[in-house]
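Only one structure is covered here, and it is reproduced in the block below.
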Amino acid sequence: MSPEGGQGSGLGARWLHVGAAVAVAFAATGFFAGLRAPEMPERPVASDPHARRAERAPSYGELREQRRGDNARMYEGAIESLSEEPFPVKPLPVATPEQRARAVAQRQGHRAYDGAPPTIPHEIDQREVPGCLACHGKGMTLGNRVAPKISHPPYQSCTQCHVVGDSPRPLAPYKDIPGNGFVGLASAGKGERAWPGAPPTMPHPTLMRDDCASCHGPRGLPGLRTSHPERLNCQQCHGSSARLDQRGGAGGPGLVMEARP
Amino acid sequence: MDRRDFLKGTAMTAATLAASRLAYGQDKAAGTPPAAAPGGQGVQWDKAPCRFCGTGCHVQVGVQNGKVVAIAGDQQAPVNKGLLCVKGYHVGLALYGSDRLTTPLLKKGDKHVPISWEEAIDIVARRVLKDPKGFGIYGSGQWTIPEGYAASKFVKGGLGSNQLDANARLCMASAVTGFLATYGVDEPAGCYDDLDACDVLIMWGNNPAEMHPVLFSRVIDRRSRGEKVTLIDIGTRKTRTSGFCDHSLRFKPNTDLAIACGIAHLLVENGTYDKAFVEANCAFRAPSEPATLEGKAITFEEYRELLKPYTPEKVEEISGVPAKDLRMLADLFGRRDVRITSLWCMGMNQHTRGTAINNLVHGLHLLSGHFGKPGDAPTSLTGQPSACGTVREVGTLAHALPGGRVVAKAEHRAQMEEIWNVPKGRLHDKPGYHTLEMWKRFSTPTEQGGDIHTIWVQVTNPAQTLPNTHKLVDPSRKLADKFLIVSDVYPSATARIADLILPSAMWVEKNGMTGNSERRTQQWFKMVRPPGQARDDAWQLIAVAHRLLALGFEGMKDKDGRFLFEVKGKDGKPVPLWDFAHYYDVNVDEHLFEEYRKTTRIKHKDLAPYPEYVKARGLRWPVVQQPDGGWRETRFRFAGFDDPYVKKGRDIQFYHSTTHDDRAQIWFSPYEPPPESPDTEFPFWLCTGRVIEHWHSGTMTMRIPQLQRAMPQAYVEMNRADARRLGVGNGDQVTVETRRGKLDLPVWIGGRGEPPEGSLFVPFFDERLLINGLTLDEHDPFSKQPDYKKCAARVRRRELVAEKQG
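Sequence lines, in order, name chains A and B.
Once you know that position 202 of the first sequence is 614 in the numbering used here, the rest is easy, because the numbers rise by one and skip nothing.
Once you know that position 443 of the second sequence is 444 in the numbering used here, the rest is easy, because the numbers rise by one and skip nothing.
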């Protein structure tokens, strides 16, 4: 490649940088301006009844206000997180008991019992084919929000098992609904070790939890993360339970009890 | 900090507090729950079919310290293969609502006061003695098979009357008449295996993504495996199911008959119907004068003539479905190289022409030969866990006797008199009142012909689910001599207006058996104790029967003078079943089932002995014993390759043919306008139905926090354009009104579904917003099933002034 050619492309790249900088500046201004509450007061309600009934497109600020639940602040810190590289996977510190307790409590908040499908902590489109896999298919980190990767094969109808944890607007729950005394099975806790230092067995079923990295990988809750996410073949060292996996065994699921009187 | 930030902060704090209370479905105000033992230690797991819909999934129930603590999908279950839906995963919570009924309650003045079981049973018995013929029992497909059988024996064998009907009348009756008119025998020929094999799935007025989610995902998950399945939605509103479909056809309510006739017309005119199949296995039928379920025989040429008016253009004009889509459907049916399965449920059944549209869809499959091969099947789904097993097979209906028998046939009555060992002539030959008639007469003063004085409701909630409740239920509550008895687990809409409430055990608090939509009979054992004094529904029936015996009522004795429900223990002595302390000394379910099993052979619905069901995750009848002594289920009825009752060498044999020549009937039925259509006064169509979170009237699911929060209240769904015209937005209160009643509801636009312009949808699960005060009690002439899917309504915006005052 000739030096002239190199210089020429260098000049082009410089202009490209300037152009890109301008574009980014515009985008950023637009973005932050959009996030702010509209400074103009709402236009006074028109005397024309048709205009009053017509739907008005919401502003970005309003859209953000409308977003409820845990995802409401999903874009905060988003830009920094974009530079974080998922690879190479690095070893993680061993979780502390406090982190673990926090993770277990957090999981309980979205589940009726250990093993129940979690409820959805954010709003969803109630009607269309859910777009859940856009974020949860491979898992995603955006700012301080983590969309965990689904722990089971990608079934198509997500809303078959997962419902929103909070009433979809505009519906509101009655205030005096009877309570429920169900006490769900608690977290199985840690797996058993044959001796201190032995790899623990899996304390829970693998049905619907066959992708270990979903909870135990680097994007899992800090208290549940494995110290060695770089190792991908989990079942090499960690045994599953035949009883919990309904493969028979005393008193486990899958065992048909003898006919009783 | 400005006002905005302050508000945000407050909201966040409130939300955090709320979220912390929601952990494990507990409210801290209700007391901190004891923590379950960790590590899954001491958890006993056992199988049971899910309590809710007619799909019949098996769950594994985890029990710890006498309480259900967890649910898992049963991986050995052929129906669901380890998967469940959100209701199934939370079915264990249905037992633990804080307002479970735990003691019998008698209405005194305007209060319900606790009484003893002895007193309660005596009251029921004395209501029978008042006039046994006017004592009705109203149950549902939520009865287990042994419970339904006990109810049938109580009413038909004991009282010698036929005043027994069930909620299935509101749900499945038109499917039954469709099967009877077409094949001469009830229930689908195919099974869920068709869903794994079909190339095309046509859903007629059906939203399985919400109503039968496990079956729906069984089909669409095939796409994840790279298989191609074409999904076609033929319905009156856009639903979650529509979103998955390759073709979504919107038709004007009631015009499904025109669509089916239009497809048949094209098949005949294009010569693409299956000539060989039709010539070998079918005959043609048309409505007769006067109208009967059998109709009249017609020739193929007459059939062709009758279909002539249903050209694609004419059908487009009637139904609104484009002619090109009709041609697309006819082309699919005309192909021999694709397998087509049709699914339907309430859309076709809750229809004043329910029998006719069921017949027409069966007819399309027969005409095109899309029948009897895996993946080629017309399959109706059921809404209740044992609509098939109990109501249809045991026959807890006003005209029926167990095993497909009918009260009108002397031969059938004689057979049941022999099985029940009751004197000849005990069984009454005149059918009792069907559901709507039973409730109408209950709500009519005795002196004006209201000859039903007492109704005993078990396992259902008619005050919420009957249509036009202002006419069928409410008047009875103002008549002093009418007495309503309700056996239930929660204070449902019906229990609250009852004169006597009996607390029932539910699901795994008792032994049980159910039968799902694919002829699969399932069994489970009692795993936990019912709360307080709640007791099995079958025990309640047997205890009343025994009380009647003690009061000298002859009907509760067989012809040898023994108690009608006598069960002998191992020592050969009768077990005092009426004493609940001894009810589980024997397995009453097994005894009732083994007696019932004797009745099932005449219609080739053979069942295996009880222990076979203990071992299996259900078996599909006919279950036929093999030379090696084993029991084999049947997946595809009438198909030579699978059904042992088909003559050797025949591909297809309709061995219960109405014409006794092994032929099924291909019906013609004309399109006719519905009994009530929108007009200038009531310009909207009103449709009702379910949502995925709630099952039936929501008595159980509205007490499950996860489900209740996800779908907390009823709403009215309307088209965006209609909302704009009315000047209402999301969440605004409107008044929906029909000629029968009115109801205030919040509007939900772009919510769960989207009706076309000019139609409304309201779910019926919410006991505080009872839409069935508005629905129509017009019904199909044969099945007597009412139409909940269409009537004329109007909507008014609730004025803001009224809002402020309210």
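All residues carry an ideal CB built from backbone N, CA and C; glycine is no exception.
This structure is a prediction, so every number in the text was calculated from the model and none was measured.
| Item | Value |
| --- | --- |
| According to DSSP, which residues form a beta bridge with residue 488 of chain B? | B:459 and B:503 |
| Short of 9 Å Cβ to Cβ, which residues in the region 532 to 555 of chain B face chain A? | none |
| At which residue ranges does the region 40 to 95 of chain B contain complete alpha helix (DSSP H) runs of 4 or more residues, listed in the order of the chain? | 87 to 90 |
| Does the pairing of the region 100 to 107 of chain B with the region 551 to 568 of chain B give three or more beta-carbon distances under 8 Å? | no |
| Throw me the rounded Cβ distance for the residue 514 of chain B and residue 56 of chain B pair, which I believe falls under 8 Å. | Actually they do not touch by this definition, with Cβ atoms about 16 Å apart. |
| Going residue by residue through the region 187 to 252 of chain B, where are the continuous beta strand (DSSP E) segments of at least 3 residues, counting only ones entirely within it? | 201 to 205, 231 to 236 and 248 to 251 |
| Starting from residue 221 of chain B, find everything on chain A with Cβ-Cβ shorter than 9 Å and list it in chain order. | 567, 568 and 569 |
| Going by CA-CA distance only, name the one from B:374, B:571 and B:353 that's closest to residue 337 of chain B. | B:374 |
| Which value, in whole angstroms, describes the spacing of the CA atoms of residue 483 of chain A and residue 627 of chain B? | 60 Å |
| If you draw a straight line from the C-alpha of residue 25 of chain B to the C-alpha of residue 762 of chain B, how long is it? | Residue confidence for residue 25 of chain B is low, a pLDDT of 40 falling below 50, so the modelled location carries little weight; the figure read from the coordinates is stated next. Cα-Cα distance, rounded: 33 Å. |
| Pull up the distance between the alpha-carbon of residue 600 of chain A and that of residue 617 of chain A, whole angstroms please. | 10 Å |
| Tell me the residue span of the alpha helix (DSSP H) that contains residue 325 of chain B. | 324 to 335 |
| What's the C-alpha gap between residue 328 of chain B and residue 276 of chain B? | 19 Å |
| Compare the C-beta of residue 562 of chain A against all C-beta atoms of chain B and say whether one is closer than 8 Å. | no |
| Using the beta-carbon of each residue, which ones in chain A are nearer than 7 Å to residue 217 of chain B? | 569 |
| Out of B:133, B:110, B:134 and B:105, which one is the CA nearest neighbour of residue 120 of chain B? | B:105 |
| Return helix, strand or coil for residue 136 of chain B, following the three-state DSSP convention. | strand |
| Identify the continuous beta strand (DSSP E) that holds residue 748 of chain B and give its terminal residues. | 743 to 749 |
| Which chain A residues are close to residue 94 of chain B, counting only those with a beta carbon under 8 Å from its beta carbon? | 524, 592 and 594 |
| According to a CB-to-CB cut-off of less than 8 Å, which residues of the region 573 to 584 of chain A neighbour chain B? | 573, 574, 575, 576, 577, 578, 579, 580, 581, 582, 583 and 584 |
| Can you list the residues of chain B that residue 541 of chain A reaches, using a CB-CB cut of under 7 Å? | 244 and 245 |
| In the DSSP assignment, what are the bridge partners of residue 353 of chain B? | In DSSP, residue 353 of chain B forms no bridge with anything. |
| Quick check on DSSP: helix, strand or coil for residue 391 of chain B? | helix |
| Assuming residue 342 of chain B contacts residue 232 of chain B (C-beta within less than 8 Å), just tell me the rounded distance between them. | Residue 342 of chain B to residue 232 of chain B, Cβ: 11 Å. No contact. |
| My assumption, with CB atoms under 8 Å, is that residue 572 of chain A sits in contact with residue 86 of chain B. Please give the rounded CB distance. | 5 Å |
| Taking CB distances under 8 Å as the criterion, tell me whether residue 644 of chain A reaches chain B. | no |
| Check whether the region 662 to 674 of chain B and the region 729 to 746 of chain B are in contact - that is, three or more C-beta pairs closer than 8 Å. | no |
| Could you have a look at residue 684 of chain B and say whether DSSP puts it in helix, strand or coil? | coil |
| State the Cα-Cα distance for the pair residue 654 of chain A and residue 610 of chain A, rounded to the nearest angstrom. | 19 Å |
| Less than 8 Å between CB atoms is the rule here; does residue 731 of chain B satisfy it with respect to chain A? | yes |
| Answer with yes or no whether the minimum CB distance from residue 163 of chain B to chain A is below 8 Å. | no |
| Under a CB-based cut-off of 8 Å, is residue 450 of chain A close to chain B? | Interpretation of residue 450 of chain A is limited by its pLDDT of 48, a score under 50 that renders its predicted location unreliable; the figure taken from the coordinates is listed afterwards. So, not an interface residue. |
| In this structure, what does DSSP give as the bridge partners for residue 592 of chain A? | B:98 |
| What's the gap between the Cα of residue 291 of chain B and the Cα of residue 437 of chain B? | 22 Å |
| In whole angstroms, what is the alpha-carbon distance linking residue 460 of chain B and residue 140 of chain B? | 6 Å |
| Identify every residue that forms a DSSP beta bridge with residue 718 of chain B. | B:749 and B:762 |
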